[in-house]
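Remarks on the structure that follows.
2 protein chains.
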Amino acid sequence: MSGALLTDLYQLTMAHAYFELGMHESAVFELFVRRLPGQRNFLIAAGLEPALGYLEGLRFTPEELSYLDGLGLFSARFLEHLAGLRFSGTVHALAEGTPCFAGEPLLRVTAPLLEAQLIESRLLNIVHFQTLIASKAARCVLVAGGRRLIDFGMRRAHEADAALWAARAAYLAGFDATATLEAARRFGIPASGTMAHSYIEAHDSEEQAFRHFVEVSRSPTTLLLDTYDTQRAARRVASLVQRLRAQGLAERVSAVRIDSGDLARESGAVRAVLDAHDCPAVRIVLSGGLDEYRIAQLLEERSPVDAFGVGTALDASTDAPVLDMAYKLQHYAGRPRRKRSAGKETWPGAKQVYRERDAGGVALRDALVLAEECAPGEPLLREVMRAGRTLGPAPALAAVREHCRSAVAELPDSLRTLGAAPPYAVVLSEGVRGLAAAAPRD
Amino acid sequence: MSGALLTDLYQLTMAHAYFELGMHESAVFELFVRRLPGQRNFLIAAGLEPALGYLEGLRFTPEELSYLDGLGLFSARFLEHLAGLRFSGTVHALAEGTPCFAGEPLLRVTAPLLEAQLIESRLLNIVHFQTLIASKAARCVLVAGGRRLIDFGMRRAHEADAALWAARAAYLAGFDATATLEAARRFGIPASGTMAHSYIEAHDSEEQAFRHFVEVSRSPTTLLLDTYDTQRAARRVASLVQRLRAQGLAERVSAVRIDSGDLARESGAVRAVLDAHDCPAVRIVLSGGLDEYRIAQLLEERSPVDAFGVGTALDASTDAPVLDMAYKLQHYAGRPRRKRSAGKETWPGAKQVYRERDAGGVALRDALVLAEECAPGEPLLREVMRAGRTLGPAPALAAVREHCRSAVAELPDSLRTLGAAPPYAVVLSEGVRGLAAAAPRD
Numbered sequence: 000m001s002g003a004l005l006t007d008l009y010q011l012t013m014a015h016a017y018f019e020l021g022m023h024e025s026a027v028f029e030l031f032v033r034r035l036p037g038q039r040n041f042l043i044a045a046g047l048e049p050a051l052g053y054l055e056g057l058r059f060t061p062e063e064l065s066y067l068d069g070l071g072l073f074s075a076r077f078l079e080h081l082a083g084l085r086f087s088g089t090v091h092a093l094a095e096g097t098p099c100f101a102g103e104p105l106l107r108v109t110a111p112l113l114e115a116q117l118i119e120s121r122l123l124n125i126v127h128f129q130t131l132i133a134s135k136a137a138r139c140v141l142v143a144g145g146r147r148l149i150d151f152g153m154r155r156a157h158e159a160d161a162a163l164w165a166a167r168a169a170y171l172a173g174f175d176a177t178a179t180l181e182a183a184r185r186f187g188i189p190a191s192g193t194m195a196h197s198y199i200e201a202h203d204s205e206e207q208a209f210r211h212f213v214e215v216s217r218s219p220t221t222l223l224l225d226t227y228d229t230q231r232a233a234r235r236v237a238s239l240v241q242r243l244r245a246q247g248l249a250e251r252v253s254a255v256r257i258d259s260g261d262l263a264r265e266s267g268a269v270r271a272v273l274d275a276h277d278c279p280a281v282r283i284v285l286s287g288g289l290d291e292y293r294i295a296q297l298l299e300e301r302s303p304v305d306a307f308g309v310g311t312a313l314d315a316s317t318d319a320p321v322l323d324m325a326y327k328l329q330h331y332a333g334r335p336r337r338k339r340s341a342g343k344e345t346w347p348g349a350k351q352v353y354r355e356r357d358a359g360g361v362a363l364r365d366a367l368v369l370a371e372e373c374a375p376g377e378p379l380l381r382e383v384m385r386a387g388r389t390l391g392p393a394p395a396l397a398a399v400r401e402h403c404r405s406a407v408a409e410l411p412d413s414l415r416t417l418g419a420a421p422p423y424a425v426v427l428s429e430g431v432r433g434l435a436a437a438a439p440r441d
Numbered sequence: 000m001s002g003a004l005l006t007d008l009y010q011l012t013m014a015h016a017y018f019e020l021g022m023h024e025s026a027v028f029e030l031f032v033r034r035l036p037g038q039r040n041f042l043i044a045a046g047l048e049p050a051l052g053y054l055e056g057l058r059f060t061p062e063e064l065s066y067l068d069g070l071g072l073f074s075a076r077f078l079e080h081l082a083g084l085r086f087s088g089t090v091h092a093l094a095e096g097t098p099c100f101a102g103e104p105l106l107r108v109t110a111p112l113l114e115a116q117l118i119e120s121r122l123l124n125i126v127h128f129q130t131l132i133a134s135k136a137a138r139c140v141l142v143a144g145g146r147r148l149i150d151f152g153m154r155r156a157h158e159a160d161a162a163l164w165a166a167r168a169a170y171l172a173g174f175d176a177t178a179t180l181e182a183a184r185r186f187g188i189p190a191s192g193t194m195a196h197s198y199i200e201a202h203d204s205e206e207q208a209f210r211h212f213v214e215v216s217r218s219p220t221t222l223l224l225d226t227y228d229t230q231r232a233a234r235r236v237a238s239l240v241q242r243l244r245a246q247g248l249a250e251r252v253s254a255v256r257i258d259s260g261d262l263a264r265e266s267g268a269v270r271a272v273l274d275a276h277d278c279p280a281v282r283i284v285l286s287g288g289l290d291e292y293r294i295a296q297l298l299e300e301r302s303p304v305d306a307f308g309v310g311t312a313l314d315a316s317t318d319a320p321v322l323d324m325a326y327k328l329q330h331y332a333g334r335p336r337r338k339r340s341a342g343k344e345t346w347p348g349a350k351q352v353y354r355e356r357d358a359g360g361v362a363l364r365d366a367l368v369l370a371e372e373c374a375p376g377e378p379l380l381r382e383v384m385r386a387g388r389t390l391g392p393a394p395a396l397a398a399v400r401e402h403c404r405s406a407v408a409e410l411p412d413s414l415r416t417l418g419a420a421p422p423y424a425v426v427l428s429e430g431v432r433g434l435a436a437a438a439p440r441d
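Protein chains in written order, with numbering that gives the first Met the number 0: chain A, 0 to 441; chain B, 0 to 441.
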């Protein structure tokens, strides 16, 4: 599969019509979020690199064309056109890892109408998901106070691609590691994880399970405490570490994990056991239904936690599992275009976003202006693809992660909290308003 | 990528330990949902066919082994073992499309411990997602009263795999078509869709856009009404159909779609316009933020609707975006095994589900029993894989869909509603309770 049929049928019926009607002039589409979920004060743009990879690689295989032919919907000359089709357009985009707000284009695509239309479904499918997860992950990072964050979400991610791209999105937003091996391999993310309850249960005694694991492991281990009785397990770990210390092997146990129960109380009790047995270097990892709210609560309750495993809530963004993201025609054949459907009106024209900062570098407001207008501050959309080719190599994921870290740090304090903040100001220019009035109504 | 690294790292560190410790005896794991979401009275088991495909195809490529070697966590002889590893176990499972309830195994895996452990993450990742979506789709089918249901969700599905498998899961639960072309092609699902607002906007007039589309389309069209003014658009469609009728081409417009506004009122007004212009054959498709609750409400408001496009709410199961699904060790080396973590205790032993029906064929209750026990009714778990090979071809998707339809029809009326019903009875056998008492506590 080339991925060219990863699209909604109507993109092809429209493309067919454009082709037959000779509508080949240049179109501008923008991809943006109409409204932020109530639980998000900002979003983190993500997914650009794979989106550009999709555009560069777009082509129809003979098998795919034969499937389309079999539908009986398309003319032979249209299918011939598709056989030679390559994406030839220009893309301006926010850098991955950039905080963004309602109405701001994450991508602006300028291309012949047929091409710009055809890519809608898959562009949204890619950028929506990674932006969703990066935005969720950024909230965990905000509250974790520098403690280690690990993606544990593969099993409840929405199938394989979601697990892989969620790991990438979380990492670029500041997570430290993932448990998903294929994601670690593919994206160069540190891999993390050691044992599940079944490992303990498969042994006839927990003490033996711990000891065996340390004996055969070739790196420092994290032992799981809550299969039967968490505090008793902590005492067993402490004894084991003391025996290992006598052999000069104390560092073989680097951490313990607690996955159920009252995590603040259990972690406090476990910390006390470990400290009482002179094991201050053994860290505590918490997991089990965690999200940014639970993390904030645990830290408020002074849980002595060193790392968090965040799974389901991250990979499925459970509190806001979708964004109201759209990809809309803003300009075609030299004229602004505007959708006027109730509650879904768009602002026409090819646009740019300027972010204005105060003397201390804190973001003050954004201006949403026509591409040819200017505004104070830094223009955020950069040309990343021209004539269907990416301009230069994609930034390394580590660089994206650092960009995200510094860009989030520049946001006003009011936005960098879990609670709903007054919305950040995104000011629409006179140029955009004027164009909206001029767009065809019919 | 073979998919073998689509797993959590800890599955491999545990497998390594089992290998080094010589823990090769037979294990039984079961995959089940701990608790149903509040908004689900039943689930629809789905994902078995791709899950078995994963098990049959499981192997590590040289590149994957080389990546694992580079992690420095595994012995050379363990990596050699992985190089030759094939899944050799037995699987019992609910047929896809079967309604199921909390605690009931959807799959029971019997295999050497290392193999049964290794597959946990990906099995859950596959079966969780499709069960999630089939369960959501079944609710739409319950309330749509036989009207056509179309999957529109690709753009907000969680990346590509989710879009494809959601289309399959929705179809097996009774949806009629999908807009996602690759899913239509791969699974043989009818494809559906014609135009978006951008098509209308790219024309200088809506009337011209409609006329052009009908002229170039090679099959009956669905024209989109709500780009500017829905009722005016309906009058334009009616005029167009009347002109087409004069040419004997009235059937070129088969439907109209409304995607925004007060859908009940708009559809009523559009129906009136169409009927007043002698277009009773033109059907009405509704879309835009639909889910089972909105569908039920529209029908209660007597919207004259013929078909529903359901997108975001279906493909991301937005009201319940995850299931509390787990895969747990129930038996190893001849002994029952049981997790006792707070709130997450498991019932040990290899189990079977019997569904008892009344004289009219309505499901009365399920019994959750040990595999060697008997109970009244029909045993639902069947052996589907032995020694790593599937037993016979998978049922055709159409047959799964028919099985689902008839099995849902057998559920008590109380469950076949959107509101929360008293839970269906799943009775635990004495055998299971006895085994739980006998499972090791330590």
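All C-beta atoms, glycine included, are put in the ideal place defined by N, C-alpha and C. Just so we're clear, the structure is a prediction, and the values are computed from it rather than from any experiment.
A:G21: contacting residues in chain B (beta-carbon distance under 7 Å): Within chain B, no residue comes near A:G21; the closest Cβ sits about 10 Å away, beyond 7 Å.
Quick one: is A:W346 near chain B, going by C-beta distance under 8 Å? no
Min CB distance A:G333 to chain B below 8 Å: no
Looking at B:L72 and A:S405, is the spacing between their C-beta atoms short of 8 Å? no
Closer than 7 Å: A:S25 CB and nearest the ligand FAD heavy atom: This structure simply doesn't include the ligand FAD, nor any ligand for that matter.
Exposure of A:P421, with buried meaning 16 or more beta-carbon neighbours within 10 Å: exposed
Comparing the C-beta of A:F128 with each C-beta of chain B, is any distance below 8 Å? yes
What residue does the alpha helix (DSSP H) around B:G69 start on, and which one ends it? P61 to G69
In the DSSP assignment, find the alpha helix (DSSP H) that holds B:Y53 and state where it starts and stops. L47 to G56
Of the listed residues A:T389, A:A349 and A:D357, nearest to A:F31 (C-alpha basis): A:A349
Rounded straight-line distance, which links the Cα of A:L171 to that of A:A397: 7 Å
Which value, in whole angstroms, describes the spacing of the CA atoms of B:P98 and B:I132? 13 Å
Short of 6 Å in beta carbon distance, which residues of its chain neighbour A:R264, apart from the five on each side in sequence? Order them along the chain. none
Can you find at least 3 beta carbon pairs, one from the segment 407 to 425 of chain B and one from the segment 350 to 362 of chain B, that sit closer than 8 Å? yes
Would the segment 147 to 160 of chain A and the segment 338 to 346 of chain A be scored as touching if the rule is three or more Cβ pairs under 8 Å? no
C-alpha distance - A:L81 paired with A:S413, whole-angstrom precision: 50 Å
Looking at chain B, is there any beta carbon in it that lies within less than 8 Å of the beta carbon of A:F307? no
Quickly, what does DSSP pair A:F28 with across the bridge? List them, please. A:V108 and A:L328
For A:R235, which residues from the same chain have a beta carbon less than 8 Å from its beta carbon, with the 5 sequence-adjacent residues on both sides left out? E205, E206 and F209
Where the alpha helix (DSSP H) through A:E344 begins and ends: No alpha helix (DSSP H) holds A:E344; DSSP gives it neither H nor E.
Proximal residues to B:A374 (C-beta, below 6 Å), its chain only, five neighbours per side dropped: Y353, A366 and V368
Please tell me whether B:D290 and B:A162 are closer than 8 Å, where the distance is taken between their beta carbons. no
Between the C-alpha atoms of A:A436 and B:G46, what's the straight-line distance to the nearest angstrom? 51 Å
What is the rounded straight-line gap between the Cα of A:R364 and the Cα of A:I43? 16 Å
Taking only runs that begin and end inside the segment 372 to 402 of chain A, name each unbroken beta strand (DSSP E) of 3 or more residues, in chain order. 380 to 385
Quick check: what's the CA-CA separation for A:L297 versus A:S253? 21 Å
For chain B, find out if any of its Cβ atoms is closer than 8 Å to the Cβ of A:N40; answer yes or no. no
Quick check on B:Q246: buried or exposed, where buried means 16 or more other Cβ atoms within 10 Å of its Cβ? exposed
Would you grab the beta carbon distance between B:V272 and B:A237 for me? Rounded to a whole angstrom, and I think it's under 8 Å. 6 Å
Find out if the Cβ-Cβ distance for the pair B:C278, B:V240 is shorter than 8 Å. yes
Could you check the C-alpha separation between B:C139 and A:L117 for me, to the nearest Å? 29 Å
Selected residue, minimal CA-CA separation from A:K327, among A:R301, A:R337, A:A319 and A:A143: A:R337
Inter-residue Cα distance where the pair is B:P439 and B:P335: 8 Å
Helix, strand or coil: which one does DSSP assign to B:E300? coil
Going along chain B in order, which residues have a C-beta closer than 8 Å to the C-beta of A:D160? H157, E158, A159, D160 and A161
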